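Okay, so here's the structure we're looking at.
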Amino acid sequence: MRMFASDRVASIMARLKWPDDEPIEAKMVSKAVENAQKQIEELNYERRKNVLKYDEVMNGQREAIYGERRKILEGQDLREESVGFVEDLVTGVVESHCPADVFPEEWDLGALFTALLEIYPVQVTEEQARQAAGTDELVELFLGDAIARYEEKEQAVTPETMRELERVVLLNITDTKWREHLYEMDYLQEGIHLRALAQQDPITAYRREAYDMFQGLTDSIRADFVRYIYRVEFVRQGEDQAPQQAPQPSRVQDNRAEVEEAGGQRAAKAGGPATATANQAVSDKVPRNAPCPCGSGKKYKKCHGATV
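The sequence shown: position 276 = 276 (our numbering), numbered continuously.
Here you go:
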């Protein structure tokens, strides 16, 4: 009634001053309540239907990600898939820096090498790259180099270990990126209803942007995997490593008797008159009630000042 009843019904109820504890049996009021109830139910149905449409989009993405995770957890061989990630990333970088519609003389090979060095340890020289006749030949050159470096790493750690590294690295990156993606999708859903102000269907806009975000998620997972797999180091458990011993700090003993004895011997060697003159000079600078400079904690007049 408060949301959907007309002003006419509200004014009538105010004039009648109907008690709150007495039921209303007027036909007009009952019909207004019935209409309001129908409108509320229709509104709630539309809201639930929209929520279901949003959930369908997320469920599709969730099934895709969980399917990839399931393959990893089941221990499937990911070598072919991993090499495919390398080929896609290297090809995309080369084609973006050296497009086919640009003459080879105008290619920015410096930027290309900088971008590729962030992916894998490139061993192709710039002179070899300049000899490429076109983009396709340049792509083949760097693809061969990238696959060769991948196989070198595989042989260095053994193929079995490399398969395990592929699974561990891909699983960790997928989980991290998926959590970040869920936060971004929640943020998108919270503000997508504002698209209606721009005469856009919020559901259609949500599906389109969710698809673009999911494509970005998969591209980011693959790119991070390639960059990480070339740099990850495998350390076998149980390897004998020589323990490094920390240097032992030298013990410093505060032996006041030895210090005073050594000081006395040096003073005796230096001669009486010179020592007396030095002590007199110190006594002129240090107040008698101040702590003694020797560090004994006594007042100067009761320590070294007593002999002056």
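Using N, Cα and C, we set each Cβ at its ideal position, and we do this for glycine too. This one's a predicted model, so the numbers in the text were calculated from it and none came from an experiment.
In the DSSP assignment, what are the bridge partners of residue i?
i: K299; result: P291
What are the start and end residues of the alpha helix (DSSP H) that includes residue i?
i: F225; result: P202 to R231
Under 8 Å, do residue i and residue j count as touching if we go by C-beta distance?
i: V93; j: A115; result: yes
i: I203; j: K53; result: yes
i: E209; j: L188; result: yes
i: I119; j: V51; result: no
i: R163; j: R79; result: yes
i: K153; j: Y230; result: yes
i: V139; j: E190; result: no
i: N289; j: K301; result: yes
i: E166; j: S82; result: yes
i: L112; j: H97; result: yes
i: M213; j: E180; result: no
i: R195; j: L89; result: no
i: G134; j: A100; result: yes
Given 8 Å, three or more beta-carbon pairs between the segment 56–73 and the segment 163–173:
yes
Which ranges does the alpha helix (DSSP H) cover as unbroken runs of at least 4 residues, wholly within the segment 89–171, from first to last along the chain?
109–117, 126–130 and 135–157
Counting Cβ pairs, one atom from each stretch, are 3 or more of them under 8 Å apart for the segment 98–108 and the segment 140–153?
no
Contact between the segment 205–220 and the segment 119–130: three or more CB pairs below 8 Å?
no
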